[in-house]
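>
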Amino acid sequence: VPGSIFERAEGILMAVWVLHVFTTMAMITYLYSVVGAEIIGHKGIKHIATLYIPVVYLFGLLGNSVVQVFKNINMVGATLGIYTVIILPLLILIASYIKNKGGSKG
């Protein structure tokens, strides 16, 4: 049957996509768990990962399609990016000026 090679390729591409998404999400979950544990001073990352997994699940439920989910994630990522790159450093700079102004130098 001509064209049947494309039907087989679809299954292979789907398997590669699932492996890609799984490894990416596993890496991101581990990264956030390690960073979260360091921020709050917790020794184990398993508890932090357990708290992070429902957040990922809820993000997946926000859209009606994969495209909508990615749009929502990009919107949240852009908002957090602006906060992390612009607003948070300005707040830290202002706090350091206030702290150094009233304290002793030397």
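Residues in the sequence shown are numbered from 929 upward in steps of one, following my numbering. Note that CB positions come from ideal geometry on N, CA and C, so glycine has one too.
1. Between the C-alpha atoms of Y980 and H970, what's the straight-line distance to the nearest angstrom?
2. Evaluate the contact criterion for the stretch 948-960 versus the stretch 978-993: three or more CB pairs, one atom per stretch, below 8 Å.
3. Does DSSP classify I1010 as helix, strand or coil?
4. Considering Cα atoms alone, identify which of A1023, V1004, V963 and V946 is closest to I976.
5. For V944, verify whether its CB is less than 7 Å away from any heavy atom of the ligand ATP.
6. Exposed or buried, which one is I968 when buried takes at least 16 other CB atoms within 10 Å?
Considering the structure as presented:
1. Between the C-alpha atoms of Y980 and H970 there is a straight-line separation of about 15 Å.
2. Cβ pair count under 8 Å is three or more, so yes.
3. Residue state for I1010 is assigned as helix, using DSSP reduced to three classes.
4. Among A1023, V1004, V963 and V946, the Cα nearest to that of I976 belongs to V963.
5. No copy of the ligand ATP occurs in the structure displayed, which carries no ligand at all.
6. By the neighbour-count criterion, in which a residue is buried when 16 or more other Cβ atoms sit within 10 angstroms of its Cβ, I968 is exposed.
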